[in-house]
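J.:
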């Protein structure tokens, strides 16, 4: 890629700590089928970038203070992973993930740090866990090649409290040994899930669906007429926030209400992340952050 200024669309973002974000981006004008993603970092106001030779999908971070380890982990839709540390990068391939295998289950969607362990989920109800230096499937008993089946997000607070959600309203719970299928109250595709330390789980999806509760005990939140597709969900303070269809929203008085972030226009948004007292929103064209009092735009120099 040329080093000249090229506008970029944002695919996903994540904040490992205050003052730092990582963003997956794709330059305008590049063939959308290109095996390429640009990984941006924003550290205390300074931007950096490195290039990946695959189509990036998701990212997270992993730290281990006992061994002085701190890394970004990036995921490609065909199961490619990149570990980025101060000493360099390591590229790997998750065995069986993606379409570049003899009998594929499909693309993977999300990489998530759950209690210091890395998990990846995707189509066909794929779920992989990193154990030592290997990626292993922990979903052998629920894998399927049936069309329109699979997970779009995964979250948890420990290895024995993991939720995966996806197509057709499917919700699965992993107790550390096996998967249990939830009696979901919806057939809408579910796109986001977060698990709170108090045991509550929140889920969002298409057709305005927002759920809160726990396994087999769900409350459907009043959509208040906002029945478009939600793509991600977060809890900031005690409030549920939602991203979707160029609309930020929150749950207030038990119903969904839109948010005006006060910049005079709507913002693109499809991924949310909370860290160190900040709520981040990442959209195709916009990055905004909320500190509990006001929203602020973060403008990438290639888009200025």
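Residue numbers (this note's numbering): 30 to 333. Backbone N, C-alpha and C fix where the C-beta goes; we use that ideal spot for every residue, glycine too. The structure displayed is predicted, hence computed values, not measured ones.
#1: If you reduce the DSSP assignment to three classes, tell me which class residue 228 lands in.
#2: According to DSSP, is residue 217 part of a helix, a strand, or is it coil?
#3: Look up residue 198 in the DSSP assignment and say whether it is helix, strand or coil.
#4: Give me whichever residues DSSP pairs with residue 91 in a beta bridge.
#5: Can you check DSSP and say which residues form a bridge with residue 273?
#6: Specify the secondary structure class of residue 31 as computed by DSSP and reduced to three states.
#7: Specify, as a first and last residue, the run of the beta strand (DSSP E) that residue 286 falls within.
#8: Determine whether the beta carbon atoms of residue 219 and residue 263 lie at a separation below 7 Å.
#9: Give me the DSSP bridge partner(s) of residue 259.
#10: Under three-state DSSP, which class holds residue 80?
#11: Can you name, in chain order, every residue of its own chain whose Cβ lies under 6 Å from the Cβ of residue 248, other than the five neighbours on each side?
#12: For residue 215 and residue 198, what's the separation of their Cα atoms in angstroms?
#13: According to the Cβ coordinates, are residue 208 and residue 171 closer than 7 Å?
T.: Let me spell this out:
#1: In this structure, residue 228 counts as coil in the three-state DSSP scheme.
#2: Looking at residue 217 - three-state DSSP - the assignment turns out to be coil, as it is neither helix nor strand.
#3: Helix at residue 198.
#4: Beta-bridge pairing links residue 91 to 100.
#5: Per DSSP, 276.
#6: Here the model assigns residue 31 a pLDDT of 45, short of 50, so the residue's position is not dependable, and the following value carries that caveat. Three-state DSSP puts residue 31 in coil, outside helix and strand.
#7: Element bounds for residue 286: 284 to 287.
#8: In this structure, residue 219 sits away from residue 263, with a CB-CB distance that is not shorter than 7 Å.
#9: Beta-bridge pairing links residue 259 to no other residue.
#10: When secondary structure is reduced to three states using DSSP, residue 80 falls in the strand class.
#11: 241, 242.
#12: Using only the alpha carbons, I get a separation of about 5 Å.
#13: Yes. Within cutoff.
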